[in-house]
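2 protein chains.
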Amino acid sequence: MKKEIITLKKLAQILELSTSTVSRALNDHQDISEATRKRVKNLAQSMHYVPNIFARGFRKHKTNIIGVIVPNITHYFTTTIVRGILEEAKLKGYRVIISESNNDTAKQTEMLNTMIQFGVDGILVSLTKMTKDIDTVLQTLNKCPLILFDKVSNKIPCTQVTINDEEAAYSAIEHLINIGKKRIAIIKEREFSYTSEKRYAGYLKALKDHNIEIDEKIIISVDDISTQQGKRMTNHLLSIKKKPDAIFAITDSSAVGVIQTLKKFNIKIPEEIAVVGFSNSRFSTIIEPNLTTVDQPGETIGKNAVKYLIEEIENTTDTISNKMIEIKGTLIIRDSTFKV
Amino acid sequence: MKKEIITLKKLAQILELSTSTVSRALNDHQDISEATRKRVKNLAQSMHYVPNIFARGFRKHKTNIIGVIVPNITHYFTTTIVRGILEEAKLKGYRVIISESNNDTAKQTEMLNTMIQFGVDGILVSLTKMTKDIDTVLQTLNKCPLILFDKVSNKIPCTQVTINDEEAAYSAIEHLINIGKKRIAIIKEREFSYTSEKRYAGYLKALKDHNIEIDEKIIISVDDISTQQGKRMTNHLLSIKKKPDAIFAITDSSAVGVIQTLKKFNIKIPEEIAVVGFSNSRFSTIIEPNLTTVDQPGETIGKNAVKYLIEEIENTTDTISNKMIEIKGTLIIRDSTFKV
DNA sequence: CTGAAAGCGCTTACAG
DNA sequence: CTGAAAGCGCTTACAG
Numbered sequence: 467m468k469k470e471i472i473t474l475k476k477l478a479q480i481l482e483l484s485t486s487t488v489s490r491a492l493n494d495h496q497d498i499s500e501a502t503r504k505r506v507k508n509l510a511q512s513m514h515y516v517p518n519i520f521a522r523g524f525r526k527h528k529t530n531i532i533g534v535i536v537p538n539i540t541h542y543f544t545t546t547i548v549r550g551i552l553e554e555a556k557l558k559g560y561r562v563i564i565s566e567s568n569n570d571t572a573k574q575t576e577m578l579n580t581m582i583q584f585g586v587d588g589i590l591v592s593l594t595k596m597t598k599d600i601d602t603v604l605q606t607l608n609k610c611p612l613i614l615f616d617k618v619s620n621k622i623p624c625t626q627v628t629i630n631d632e633e634a635a636y637s638a639i640e641h642l643i644n645i646g647k648k649r650i651a652i653i654k655e656r657e658f659s660y661t662s663e664k665r666y667a668g669y670l671k672a673l674k675d676h677n678i679e680i681d682e683k684i685i686i687s688v689d690d691i692s693t694q695q696g697k698r699m700t701n702h703l704l705s706i707k708k709k710p711d712a713i714f715a716i717t718d719s720s721a722v723g724v725i726q727t728l729k730k731f732n733i734k735i736p737e738e739i740a741v742v743g744f745s746n747s748r749f750s751t752i753i754e755p756n757l758t759t760v761d762q763p764g765e766t767i768g769k770n771a772v773k774y775l776i777e778e779i780e781n782t783t784d785t786i787s788n789k790m791i792e793i794k795g796t797l798i799i800r801d802s803t804f805k806v
Numbered sequence: 467m468k469k470e471i472i473t474l475k476k477l478a479q480i481l482e483l484s485t486s487t488v489s490r491a492l493n494d495h496q497d498i499s500e501a502t503r504k505r506v507k508n509l510a511q512s513m514h515y516v517p518n519i520f521a522r523g524f525r526k527h528k529t530n531i532i533g534v535i536v537p538n539i540t541h542y543f544t545t546t547i548v549r550g551i552l553e554e555a556k557l558k559g560y561r562v563i564i565s566e567s568n569n570d571t572a573k574q575t576e577m578l579n580t581m582i583q584f585g586v587d588g589i590l591v592s593l594t595k596m597t598k599d600i601d602t603v604l605q606t607l608n609k610c611p612l613i614l615f616d617k618v619s620n621k622i623p624c625t626q627v628t629i630n631d632e633e634a635a636y637s638a639i640e641h642l643i644n645i646g647k648k649r650i651a652i653i654k655e656r657e658f659s660y661t662s663e664k665r666y667a668g669y670l671k672a673l674k675d676h677n678i679e680i681d682e683k684i685i686i687s688v689d690d691i692s693t694q695q696g697k698r699m700t701n702h703l704l705s706i707k708k709k710p711d712a713i714f715a716i717t718d719s720s721a722v723g724v725i726q727t728l729k730k731f732n733i734k735i736p737e738e739i740a741v742v743g744f745s746n747s748r749f750s751t752i753i754e755p756n757l758t759t760v761d762q763p764g765e766t767i768g769k770n771a772v773k774y775l776i777e778e779i780e781n782t783t784d785t786i787s788n789k790m791i792e793i794k795g796t797l798i799i800r801d802s803t804f805k806v
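Chains as they are written, first to last, in the working numbering: chain F, 467 to 806; chain Z, 467 to 806.
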């Protein structure tokens, strides 16, 4: 079902000009007289001429496509980042190809390769959980501009855009301390998660700064931070002798599990145990009590990632930059902690 | 930061063959001897040769890219469809470009045009709310295979993939009737929404089939179906004389507003008023009581949309097909209605 | 100010 | 079984 395609050549024939002139006129080349330019543009418009981007890209060795790889596209926070990416890319004249790695490193590798082969101008990656296999990412780095966002890693020397996890976590813990909590548990991911480690660092720092004892017993690490695990770990925390009076769950979805379990045991939130999450996902205003959490400006993260990527794409020098960009998250206080 | 690129020509030089032969060997053309084929493939592999997809696409007038336009990428249900699209496309060797129309018809038009210009092989569209401007979609239909999914319209003659809205709504209402409800309100969108109208039709049919009076007073139409509107319309429904004993909210997010408002007035759910939503979004197990709703298999919808689109792309005949594909949704009964 | 010509990397009808 | 050549639609250095 191909329609007749208008090409430069056809326009040229009709106008009795060369394709070169038509091409230049359309691209506002300075050498072309105002008169011809107008003639050409008018005809092009009236015939609904659209340049074949593939031919141009092929010629110029540039596709104006950005590749994006995310672990899980159904996460609300991820979609807000994607929205920012789409918006900014469009603004700058780039198209976006999205892939989902499903937290599978092998898939991620494959996607990286396909994108290179496909000839994207640059790649934006949010890493899978277990990114031990850093090699392929490093390799890709040599072939094509690449920037990490959200799930990043300090082992990869490139520009990275994240939220200020450590500071945001710090302020969350400080808030708990301010409302009188003294025994604050944390549910985090194991060491492989860079984001989780940053939040954990903020947790430790806040406790230290306020001279609160750090107790390994209420520092819980899980492999897979989910509502399920939130439930399980809350059960565990309730079983130990010196129960916590607050729980900092490193993601909203695990916080949901925490709250549901506390409610099951009729524990008063926040009087007996306060709860803080991280993400400001939609759950946070649906669960009762509404969840205190850190709002992460996803769109801003997405926009910035694109901005820095395009900078690298259009920068001809051969150096790989590795800026660390931290976007500010803000603590949103709701009923799962006391308002001060 | 361009790396040295391996091309067919280079391989040919090294092997002392013509590019034609190398090309054919790589594409498993039958004319090539087993021996040469192996030699070529071995070298290609060891030199990490990857074909330039743009050159090939340019040559063949095919890009192997599918364009996708959705109104709002942050909706959970949409992301599950997208996941299905990505998966199926990848399987079939296609890449996916995604755009978000933000429910803005002008944007949608622009995106349709850009995609055409970009040379995608086919387009998958979930329409904006107010698609009065059907013209551009119809125009696009002449230029490029196009399939509608989720938010569709019977005014556009092309293949459409949706859930079986009418039947699913019918079974939801029937369930309410079975648990003894006799005065069932509906909160729906205005006429412009095809999906909403289908669900409304299911509602009407179920009531008629069970000889239940239809009362306009409890048939509520809103412009924008959201949690906010769910709240407002519940307030309204509670203010009328003959209150409903059940509310069918056409989306989960509005159902959340319904439940929150009923709880505010201490109305027992489901004893006094039962609530049913539509989508089986994540809220439905977080809100209390958990929401009875229709599960929509998003991935299946996405996969089917891609399947039919590729069929059209690869079908050379000039006819536009317009199959109506309905994917079955299933009612999931939870605490917001009685389990029978 | 305009044109002829080369070339981006690939595929394929034609010839042998 | 293999090769020479044309061509996909565009841009651009070169020439005038």
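The beta-carbon is built from N, C-alpha and C at its ideal position, and this holds for glycine as well. This structure is a prediction, so every number in the text was calculated from the model and none was measured.
Within-7 Å CB hit, residue i to chain F
| i | result |
| --- | --- |
| Leu481 (chain Z) | no |
| Phe744 (chain Z) | no |
| Gly795 (chain Z) | no |
| Phe749 (chain Z) | yes |
| Lys805 (chain Z) | no |
Residue i and residue j closer than 7 Å at C-beta
| i | j | result |
| --- | --- | --- |
| Ser802 (chain Z) | Pro755 (chain Z) | yes |
| Arg665 (chain Z) | Ala712 (chain Z) | no |
| Leu578 (chain Z) | Ser619 (chain Z) | no |
| Lys769 (chain F) | Glu554 (chain F) | yes |
| Val741 (chain F) | Leu797 (chain F) | no |
| Met699 (chain F) | Ile652 (chain F) | no |
| Gly764 (chain Z) | Ile547 (chain Z) | yes |
| Lys609 (chain F) | Ile582 (chain F) | yes |
| Asn568 (chain Z) | Lys595 (chain Z) | no |
| Thr717 (chain Z) | Thr545 (chain F) | no |
| Ile539 (chain F) | Arg549 (chain Z) | yes |
Pick from the options that is closest to residue i, judged by C-alpha positions
| i | options | result |
| --- | --- | --- |
| Asp601 (chain Z) | Z:Pro623, Z:Ser692 and Z:Met513 | Z:Pro623 |
| Leu642 (chain F) | F:Lys664, F:Leu673 and F:Glu657 | F:Leu673 |
| Ile767 (chain F) | F:Glu500, F:Ile498 and F:Val591 | F:Val591 |
| Glu632 (chain Z) | Z:Ile799, Z:Ile547, Z:Lys683 and Z:Phe744 | Z:Phe744 |
| Lys475 (chain Z) | Z:Ser499, Z:Gln496, Z:Lys504 and Z:Val516 | Z:Val516 |
| Ile532 (chain Z) | Z:Arg505, Z:Gly668, Z:Thr759 and Z:Ile613 | Z:Ile613 |
| Asn746 (chain Z) | Z:Ala721, Z:Arg649 and Z:Gln694 | Z:Ala721 |
| Leu703 (chain Z) | Z:Glu780, Z:Ile563, Z:Leu604 and Z:Thr727 | Z:Thr727 |
| Ile791 (chain F) | F:Pro537, F:Lys773, F:Ile799 and F:Ile645 | F:Lys773 |
| Glu640 (chain F) | F:Ser486, F:Asp494 and F:Thr758 | F:Thr758 |
| Glu663 (chain F) | F:Ile685, F:Asp497, F:Ile678 and F:Asn677 | F:Ile685 |
| Ser692 (chain Z) | Z:Arg800, Z:His495, Z:Glu778 and Z:His541 | Z:His541 |
| Glu566 (chain F) | F:Thr580, F:Lys558, F:Gly559 and F:Tyr560 | F:Thr580 |
Whole-angstrom C-beta distance between residue j and residue i, which should lie under 8 Å
| i | j | result |
| --- | --- | --- |
| Ala771 (chain Z) | Phe615 (chain Z) | 4 Å |
| Ser705 (chain Z) | Arg656 (chain Z) | Not a contact, Cβ separation roughly 21 Å. |
| Ala521 (chain Z) | Phe524 (chain F) | 6 Å |
| Leu481 (chain F) | Arg505 (chain F) | 6 Å |
| Thr529 (chain F) | Asp587 (chain F) | 6 Å |
| Asn518 (chain Z) | Gly585 (chain F) | 7 Å |
| Ala478 (chain F) | Val488 (chain F) | 5 Å |
Chain Z contact for residue i (CB, 7 Å cutoff)
| i | result |
| --- | --- |
| Gln583 (chain F) | yes |
| Ile752 (chain F) | yes |
| Glu765 (chain F) | no |
| Phe615 (chain F) | no |
| Lys524 (chain F) | Inspection of the sequence shows that residue 524 (chain F) is occupied by Phe rather than by Lys. Taking Cβ atoms only, chain Z reaches closer than 7 Å to Phe524 (chain F), which makes this a yes. |
Subject >> Near-chain Z residues of the segment 492-521 of chain F (beta-carbon distance less than 8 Å), N- to C-terminal order >> reply: Val516, Pro517, Asn518, Ile519, Phe520 and Ala521
**OP:** Anything in the segment 534-552 of chain Z with a Cβ closer than 7 Å to a Cβ of chain F? List those residues in chain order, please.
**Re:** Ile539, Thr540, Tyr542, Thr545, Thr546, Val548, Arg549 and Leu552
Original post:
What residues from the segment 552-568 of chain Z come within 7 Å of chain F, judged by C-beta to C-beta, listed N to C?
Top reply: Leu552, Arg561, Val562, Ile563, Ile564, Ser565 and Glu566
Original post:
For the segment 596-612 of chain F, which residues have a CB atom closer than 8 Å to at least one CB atom of chain Z, in sequence order?
Top reply: Asn608, Lys609, Cys610 and Pro611
Original post:
If contact means a Cβ-Cβ distance below 9 Å, which residues of the segment 666-681 of chain F contact chain Z?
Top reply: none
Original post:
At a Cβ cut of 9 Å, what residues of the segment 717-745 of chain Z count as close to chain F, listed as they run along the chain?
Top reply: Ser719, Val722, Gln726 and Lys729
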